[in-house]
């Protein structure tokens with residue numbers, strides 16, 4: 386049985402679609418970490434997830450990726466095969482007025498994830514990057530070969546940092562990773 390940890394954010398639609406697809410595969414054990422799980426809106430979301438997966442092969446944990454001890458404990462206890470990190474503080478405009486939220490979630494949180502992967506080897510790390518890393522690139526459509534060295538927001542800089550950190554850890558510690566733009 387594959388054990389997959391999914392680190393989530395507040396985009397219930399993406400998560401519902403993601404879980405629906407994952408639940409089509411047999412023998413998957415899923416663990417979701419969500420820092421905003423227990424509110425009215427998420428109760429509806431949780432009900433949707435229960436309808437998708439009546440076998441309850443997933444479990445929700447309320448937590449924050451900045452809590453390194455929690456992550457280390459979960460990685461140690463569950464021995465995850467695959468890590469899917471879709472959690473982030475998103476949005477370009479908000480990053481201008483609230484940079485601390487972006488550093489905390491997107492840099493420190495991501496660092497804690499890759500450190501947990503380093504100390505508890507995983508088969509693969511999949512993480513959300515962003516098309517914001519392309520900055521003010523005028524060429525459309527974007528290509529993964531395009532230069533992304535000039536972010537125009539702190540949000541874009543944090544997502545580019547995630548890509549660089551994942552690449553570095555892949556080379557240094559043999560953690561296969563895929564960034565999704």
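In the numbering used here, the protein residues as written are 386 to 566. Note that CB positions come from ideal geometry on N, CA and C, so glycine has one too.
In this structure, residue 480 lies near residue 540, with their beta-carbon atoms less than 8 Å apart. Boundaries of the beta strand (DSSP E) around residue 470: 467-470.
Inter-residue distance for residue 560 and residue 454 is about 21 Å (C-alpha atoms, whole angstroms). For residue 514, there is no enclosing beta strand (DSSP E), as DSSP gives it neither H nor E. Secondary structure note for residue 565: its beta strand (DSSP E) is the uninterrupted segment 562-565.
Around the CB of residue 510, 16 or more other CB atoms lie within 10 Å, so the residue is classed as buried.
Under DSSP, residue 509 forms a beta bridge with 467. The DSSP-derived three-state label of residue 459 is helix. Note on geometry: alpha-carbon atoms of residue 474 and residue 491 lie some 6 Å from one another.
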